[in-house]
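Worksheet: the structure to be examined is printed underneath.
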Amino acid sequence: MSPRVMDAVLTTVMGLAAVGLGGVFYQAWYEWNENHKVMLSFTRPAPLLKSRTSESFFARAEQKKIVNVVAGHGSAKYYLLVGERGTGKTQLILNAMEKIGHYGVVFCDAHSDSEVFKTRLGKALNYTYREDYVGQLFAREAPERGSALLDVEKALNMVEAVAIKYVRRRGRPLVLIINNIHSFGDDEEGEDLLELLQQRAESWAASRLVTLIFNTDDYSVYERMKRDASRMDTIRINELTHEEAVRLLKEKRRGRETDEEIEDIIKNRIGGRLSYVNRLGREESIEDTARQLESEERSWIVTQIGLIPDFEETAFDNQKYASCAWKLIKAIVKSEEKKLPINECRIITGNPKWIEMLDHDNIIMVDDHHNVKADSKILQNIFEEIVNSEGFEELLDNVCERVEEVDKEQRTRELIWSKKNDQVIRFGQPKKGGWFW
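Residue 330 in full-length UniProt numbering sits at position 330 of the sequence shown; the count goes up by one each step and never skips.
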């Protein structure tokens, strides 16, 4: 070989070696950088969470346990916080995060769209869902490639890799909080996403790498997760007791109302819902605020399950839901303790799905003993007023009759001829002599 050829070969070999070596170093740096960014997300508080933590907080009996869990001292379990909207679940979690300086914990809100949840999880973890390797040294893979579930799995893999290093260094697990998991869609994709997260929660709890904390308003989420749970611990967050609510409102009002007025408004009108008590404490007049709360809840009920006696066929699904809801509400109001066992409620509605929907719409709630009752004291008062009003029974009967009538029409309607397609559409099974209808 001539010297010129030798020089060309040597130059080519050295160039390829430089590119290959650069690719190896780049890949090592990229993996380190991705792990480092995720690790930083567990050690630096998000400004938005800091601002949410500054909201008013009321100490609860469950506070000590939640602080212990958020600090990473849980005992090989993952946790499900269950309670009605406005009972203070999220504030308990954020307060616990504040107590430990947000160190070793990440907080993420769920969403009904899996793509949005994937984006939120990536932002919370400071993870961009890219995968670089030597063959892509000069071209990064687009972050939107692959399904949302696959990307969430990638993010969880990264959390696991970071957790292994963190546990070796600190001797306690990382904590990942998924807030409002009832927001996941009630469809196959939502079910798959919840299943994916629960599988990781079970695995991480067994290995003590990461403690997952789920937060939900809906009892149906508890039932769904309980089927596959072996290491799940459920923490129930209830409304404030009468004494706690009165004490908190007195502290906030600072003597602007008498003790008798505060006692009456808590006992007979508002109840112990923490969000309601906080709102009463902030506003100028608690009487005007109480009326506003009652008006808002009444409007919500009319919007969701208002009865329409002569409804059009397009409103069939809505009125079927509303009539079943009022059948259940009527039974609850007429009961001695203003609550019914969930099994009995399923018999009344005829479909367990209605119970889940009413719970999700914050119309009813399921308590610790699996009894169904009004979602709040305000709603209980509204239900009693409506059910006991003149003409309610007749209105409900008319709507139920109309529902049966429309349902019958839909079941018996048959399309037997289509002029557009020039064909006969038959329903049924063939007999020896032809088709029967």
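Even for Gly, the Cβ is constructed at its ideal location relative to N, Cα and C.
Pick from the options: whose alpha carbon is nearest that of residue i?
i	options	result
asparagine 318	Lys165, Gln410 and Val399	Val399
residue 457	Leu94, Tyr78 and Ile382	The structure shown does not extend to residue 457, since the chain is modelled only from 1 to 437, so the question has no answer here.
valine 324	Arg247, Thr349 and Phe311	In the sequence as displayed, the identity of residue 324 is cysteine instead of valine. With distances taken between Cα atoms, cysteine 324 lies closest to Thr349.
threonine 43	Ala163, Asp368 and Val221	Ala163
isoleucine 178	Val406, Val210, Ser295 and Asp186	Val210
glutamate 313	Val403, Val302 and Ala110	Val403
asparagine 35	Glu62, Ala374, Tyr127 and Ile93	Tyr127
residue 477	Ala201, Glu287, Phe311 and Glu385	Residue coverage of the chain in this structure runs from 1 to 437, which leaves residue 477 outside it and unanswerable.
leucine 92	Glu153, Leu274 and Leu196	Leu274
tyrosine 222	Asp187, Ile181, Asn238 and Glu202	Ile181
glycine 185	Glu356, Pro45, Arg4 and Leu212	Glu356
leucine 194	Leu212, Asp367 and Ser207	Leu212
alanine 76	Lys64, Arg208 and Met14	Arg208
tryptophan 300	Tyr321, Ser2, Asn362 and Pro352	Asn362
aspartate 310	Glu401, Ser147 and Tyr79	Glu401
proline 352	Gln63, Asn238, Ser220 and Arg411	Ser220
residue 446	Arg120, Leu40 and Arg236	One cannot answer for residue 446 here, as it falls past the ends of the chain, which runs 1 to 437.
valine 406	Phe316, Pro173 and Thr241	Phe316
threonine 289	Val387, Arg253 and Leu307	Arg253
arginine 120	Val70, Glu160, Ala46 and Glu409	Ala46
tyrosine 321	Lys330, Leu358 and Glu344	Leu358
threonine 241	Met14, Val38, Arg60 and Met6	Arg60
alanine 206	Glu188, Leu249, Arg247 and Tyr78	Tyr78
DSSP state of residue i, grouped into three classes?
i	result
arginine 236	strand
threonine 103	According to the sequence as given, residue 103 is tyrosine; it is not threonine. Three-state DSSP puts tyrosine 103 in coil, outside helix and strand.
threonine 43	coil
phenylalanine 214	strand
tyrosine 127	coil
arginine 208	coil
aspartate 192	helix
aspartate 113	coil
asparagine 179	strand
leucine 137	Residue placement at leucine 137 cannot be trusted, given a pLDDT of 47 that sits under 50; what the coordinates show is reported in the next sentence. Note: leucine 137 maps to coil in three-state DSSP.
valine 5	helix
glutamate 98	helix
Since I believe residue j is in contact with residue i (beta carbons under 8 Å), could you give me their beta-carbon distance rounded to a whole number of angstroms?
i	j	result
methionine 225	glutamine 198	6 Å
alanine 245	glycine 272	4 Å
valine 105	valine 175	4 Å
alanine 155	glycine 190	Their Cβ separation, rounded to whole angstroms, is 18 Å, which puts alanine 155 and glycine 190 out of contact at 8 Å.
histidine 360	aspartate 233	At roughly 23 Å, the Cβ-Cβ gap does not stay under 8 Å, so histidine 360 and aspartate 233 are not in contact.
phenylalanine 107	alanine 96	Going by Cβ atoms, the distance from phenylalanine 107 to alanine 96 rounds to 11 Å, so no, they are not a contact pair.
leucine 379	glutamate 297	6 Å
lysine 347	valine 366	A quick correction: the sequence has isoleucine, not lysine, at residue 347. 15 Å between Cβ atoms; not a contact.
valine 152	leucine 94	The pair is not a contact, with the Cβ atoms about 23 Å apart (cut-off 8 Å).
asparagine 215	threonine 90	6 Å
serine 183	alanine 110	4 Å
tryptophan 326	leucine 340	Going by Cβ atoms, the distance from tryptophan 326 to leucine 340 rounds to 14 Å, so no, they are not a contact pair.
lysine 118	alanine 148	4 Å
lysine 330	valine 387	5 Å
Can you tell me whether residue i sits near the ligand FMN, meaning its C-beta is under 7 Å from at least one heavy atom of the ligand?
i	result
aspartate 186	This structure does not include the ligand FMN; it has no bound ligands of any sort.
Would the stretch 82-101 count as touching the stretch 111-122 if we require 3 or more Cβ pairs under 8 Å? no
Fully enclosed by the UniProt domain "AAA protein C-terminal winged helix" (303-407), which alpha helix (DSSP H) runs are 4 residues long or longer? Runs of the alpha helix (DSSP H) inside the UniProt domain "AAA protein C-terminal winged helix" (303-407): 316-334, 342-349, 352-360 and 377-387.
What alpha helix (DSSP H) runs, 4 residues minimum, are completely inside the stretch 226-297? Correct list: 242-253, 259-265 and 274-282.
Taking contact to mean 3 or more Cβ pairs, one atom from each stretch, closer than 8 Å, check whether the stretch 259-279 and the stretch 292-301 are in contact. yes
Assess, as a yes-or-no matter, whether the stretch 93-105 is touched by the stretch 8-18 under the definition of 3 or more beta carbon pairs within less than 8 Å. no
Between the stretch 219-238 and the stretch 256-263, do at least 3 Cβ pairs fall closer than 8 Å? no
Spell out a yes or no on whether the stretch 369-378 and the stretch 388-396 are touching, meaning 3 or more CB-CB pairs, one atom from each, closer than 8 Å. no
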